[in-house]
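Undergrad:
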Ligand code: SF4
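Numbering (the numbering used here), first residue to last: 1 to 711.
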């Protein structure tokens, strides 16, 4: 039996794992006590993740679909057929007829994304879409405008802050920062304030000193009142604003919003809003952050900006206890520019900015369905299930029917894969090497840990990087869209063969990162290999980032003109109508799932086998709904049936249905479908209600009605 160290790949906390392996089987899995950031912690998802390795439903062979029948296909044949069809489409309809979408199925597997992205760019297509554009790219736009670079992402200094203000996040369940549970508990112990703004009394809100259960989509108005109060009372940090920022006067000159006015719009007491403003502005140090709940709501970019700028206005950026910048072990800004080029791009449909090297995924269905010779005709989906994750599932289904070619690279035959022409079986994270570099803002300091392959995959299952490497070869294009790199690795393959070690210099994650870290890393590859629990690659030097802002003014631009103008146009949301008297949110996190993932892991599905609709007791009583009843939820976009969970933990007027459910896993060998798990919340969401600045769709704050299923 051998003990190996790696880290979990399900979410961005990347918790350290200790894995016992015997005869290529994982026989024990536990948290790595020597991991410097997570110290033995694993959540239920991480603890059960090894079940994916032996899951009977996982894909073990490549398949080709003929009509409704799936047949095994040999890898060389699959590569040959897919390449031929791509070549035909490109020669007939142009390079942009091929598109790529990559999902969050391998949250931290950087090399997979790089190879997939590089493959499309090498084909000459820029129709590249990723999952971040559904829930995160508002923040990249805010970072670019305020600090000058998209990947210059801030995070709260959790262990030193005196006041943590969280909008739309439940970190006690999402757990996406290592050590977050201990840090939050410690806030209480050391007398720091925790303020949570969320329509639901979440696990995190239950620990808060102040819980603001505002109406979904109204955060922006609460923030406006907070700013009005801070400027009105002179609580802003004038010295910090003068020295490090430009544009504060534009914020100050915005038409005031009183706490009473915000109270009417947000549905919370005016005194609570004023108390939040006072607590935050007068704390010795403070951090304000917003996450998914805001990101998937109306006005997500403007709200994110007002939260981020609140830190600057109160002098809490790049200081202990405030927001900090972690530069990571590799420069993501530079890497992304090298991958995508330095040209400014706008999406061809909505004219949205190019963020995280991607156009908004909310545009894919229209890019396929549009009546134009330039439309997308082939889609490659890597580690994602857009059929369940995209807003307006019905439109995506219609779009898929118009494709000439759909290829899915995944661990499972998920909802999207079931409509594909080819399905290529990919490894899970125990079966591949990689390095997590994309989200350094989830670590408190520059940190690297090699993600070691701990078991070999089934014979016909391959890591995504290898699949895209082979597709590149078959299409005659260079790996990562870089001919010098292609020639170097081809030479390495020849040399390796001559020396009798064919893999020694060939392209693989180890050789690639050896090269990259050697050229520009803060830690060398050899050091990562010698330190299986990970390597701290430097400290955060507070104040350093303020000296190298990449904005035109070289300072923090707290009020970008485009945001200020857009903010002036925002009107309060209309009152609920008789037709849709309630407001639906779908972005809730669960301890046993992550988006569409982990549906096949038996010990997790035993704990939660579906989603239900949270509805307040008052709303339930007025609609004669009892706990456990089947109900119908209706929105402008569609209807869905689901079980009611009548509860006090959500405010009246709001209902919550977690997205990512509704999957029917299909087994291609037996040609059978496993029973549907839960309800697809995206039958209720629309794909036309987009944030006008970044193009992200609105999954929260959707007017809805709830009634008996038979109604
Ligand atoms: S918190 Fe995230 S990274 Fe850690 S074990 Fe759970 S799913 Fe894995």
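Where is the CB? At the ideal position from N, CA and C, for every residue including glycine.
Cβ of residue 13 within 8 angstroms of any heavy atom in the ligand SF4?
TA: As a first step, residue 13 is located in the chain shown; it is residue number 13 there, counting from the start. Within the cutoff, so yes.
Undergrad: With a threshold of 8 angstroms (Cβ to nearest heavy atom), would residue 475 be considered close to the ligand SF4?
TA: For the purposes of this step, residue 475 is taken as residue 475 along the chain shown, with counting starting at 1. No, the beta carbon of residue 475 sits no closer than 8 angstroms to any heavy atom of the ligand SF4.
Undergrad: State buried or exposed for residue 444, treating a residue as buried only when at least 16 other CB atoms are found within 10 Å of its CB.
TA: On the chain shown, position 444 is the one that residue 444 refers to. That one is buried.
Undergrad: Kindly say whether residue 155, judged by its beta-carbon, lies nearer than 9 angstroms to any beta-carbon of chain C.
TA: Going by chain labels, chain C is absent from the structure shown, which holds only one protein chain.
Undergrad: Rounded C-beta distance between residue 225 and residue 262? I'm assuming under 8 angstroms.
TA: The residue you call residue 225 lines up with position 225 of the chain shown. The residue you call residue 262 lines up with position 262 of the chain shown. About 4 angstroms separates the two Cβ atoms, so the contact holds.
Undergrad: For residue 316, which residues in the same chain have their Cβ closer than 7 angstroms to its Cβ, ignoring the five residues on either side in sequence?
TA: Residue 316 sits at position 316 when you count from the first residue of the chain shown. Hits under 7 angstroms: 285, 286, 287, 322, 323.
Undergrad: Alpha carbon to alpha carbon, how far is residue 153 from residue 178? Give it in angstroms, no decimals.
TA: As a working note, residue 178 is residue 178 in the chain shown. As a working note, residue 153 is residue 153 in the chain shown. Those two C-alpha atoms are separated by around 17 angstroms.
Undergrad: Just to confirm, does residue 42 get its C-beta within under 8 angstroms of one of the non-hydrogen atoms of the ligand SF4?
TA: For the purposes of this step, residue 42 is identified with residue 42 of the chain shown, where counting begins at 1. For the ligand SF4, at least one heavy atom lies less than 8 angstroms from the Cβ of residue 42.
Undergrad: Can you name the start and end residues of the beta strand (DSSP E) that residue 63 belongs to?
TA: Against the chain shown, residue 63 aligns to sequence position 63. Start and end: 63-66.
Undergrad: Is it the case that the segment 55-64 contacts the segment 422-442, given that we only count it when at least three CB pairs across the two stretches are under 8 angstroms?
TA: Result yes; three or more Cβ-Cβ pairs closer than 8 angstroms.
Undergrad: Is the segment 649-656 touching the segment 193-206, taking contact as three or more C-beta pairs under 8 angstroms?
TA: Segments in contact, yes.
Undergrad: By Cβ distance, which residues of its chain are closer than 8 angstroms to residue 477, with the 5 residues on each side in sequence left out?
TA: Walking along the chain shown from the start, residue 477 turns up at place 477. Answer for residue 477: 119, 122, 123, listed in chain order.
Undergrad: Consult DSSP for residue 71 and reduce its assignment to one of helix, strand or coil.
TA: Looking up residue 71 in the chain shown gives position 71. Reduced to three states, the DSSP call for residue 71 is strand.
Undergrad: Taking just the CA atoms, how far does residue 148 sit from residue 556?
TA: The residue given as residue 556 occupies position 556 in the chain shown. The residue given as residue 148 occupies position 148 in the chain shown. Answer to the nearest angstrom: the Cα atoms are 8 angstroms apart.
Undergrad: Could you give the uninterrupted runs of the beta strand (DSSP E) lying entirely in the segment 95-127, keeping only those of 3 residues or more?
TA: The segment 95-127 contains these whole beta strand (DSSP E) runs: 98-102.
Undergrad: Starting from residue 783, follow its DSSP beta bridges and name the residues at the other end.
TA: Look at the range of the chain in this structure, 1 to 711, and you will see that residue 783 is not part of it.
Undergrad: For residue 509, does the three-state DSSP call read helix, strand or coil?
TA: As a first step, residue 509 must be located in the chain shown, where it is residue number 509. Helix at residue 509.
Undergrad: Could you spell out the range, first to last residue, of the beta strand (DSSP E) harbouring residue 17?
TA: The residue labelled residue 17 in the question sits at position 17 within the chain shown. Looking at the DSSP string, the run of the beta strand (DSSP E) that includes residue 17 is 16-22.
Undergrad: Taking the runs of the beta strand (DSSP E) that are 3 residues or longer, which of them lie wholly in the segment 273-351?
TA: Listed in chain order, they are 287-290, 323-325.
Undergrad: Expressed to the nearest angstrom, what Euclidean distance is found between the alpha-carbon atoms of residue 13 and residue 57?
TA: Looking up residue 13 in the chain shown gives position 13. Looking up residue 57 in the chain shown gives position 57. Straight-line Cα distance between these residues: approximately 27 angstroms.
Undergrad: With a threshold of 16 other CB atoms inside 10 Å of the CB of residue 346, please say whether the residue is buried or exposed.
TA: The count along the chain shown starts at 1 and reaches residue 346 at position 346. The residue is exposed, with fewer than 16 neighbouring Cβ atoms inside 10 Å.
Undergrad: Could you give the first and the last residue of the continuous alpha helix (DSSP H) run that contains residue 487?
TA: Counted from its first residue, the chain shown places residue 487 at position 487. First-last of the alpha helix (DSSP H) with residue 487: 483-498.
Undergrad: Where do the N-terminal and C-terminal ends of the beta strand (DSSP E) with residue 422 fall, by residue?
TA: In the chain shown, residue 422 corresponds to position 422, counting from 1. Here the beta strand (DSSP E) through residue 422 covers 422-425.
Undergrad: Flag residue 202 as yes when its Cβ comes closer than 8 angstroms to any non-hydrogen atom of the ligand SF4, and as no otherwise.
TA: For the purposes of this step, residue 202 is taken as the residue at position 202 of the chain shown. No, Cβ of residue 202 sits at least 8 angstroms from all heavy atoms of the ligand SF4.
Undergrad: Is the closest heavy atom of the ligand SF4 to the C-beta of residue 38 under 8 angstroms?
TA: Within the chain shown, residue 38 is the residue found at index 38, counting from 1. For the ligand SF4, at least one heavy atom lies less than 8 angstroms from the Cβ of residue 38.
Undergrad: Spatial neighbours of residue 172 within its chain, please: CB distance less than 6 angstroms, with the 5 preceding and 5 following residues excluded, ordered by chain position.
TA: Position 172 of the chain shown, counted from the start, is the residue given in the question as residue 172. If we look at residue 172 and ignore the five residues flanking it on each side, its Cβ neighbours are 203, 204.
Undergrad: Would you grab the beta carbon distance between residue 129 and residue 359 for me? Rounded to a whole angstrom, and I think it's under 8 angstroms.
TA: Within the chain shown, residue 129 is the residue found at index 129, counting from 1. Within the chain shown, residue 359 is the residue found at index 359, counting from 1. Contact flag correct, Cβ pair sits at about 6 angstroms.
Undergrad: Can you grab the Cα-Cα spacing for the pair residue 410 / residue 543, in whole Å?
TA: The residue given as residue 410 occupies position 410 in the chain shown. The residue given as residue 543 occupies position 543 in the chain shown. Each residue's Cα considered, the two are about 43 angstroms apart.
Undergrad: Can you list, in chain order, the residues of its chain with a C-beta nearer than 6 angstroms to that of residue 301? Leave out the 5 residues immediately preceding and following it.
TA: Taking the first residue of the chain shown as position 1, residue 301 is located at position 301. Taken in chain order, the residues that qualify are 138, 141, 691, 693, 694.
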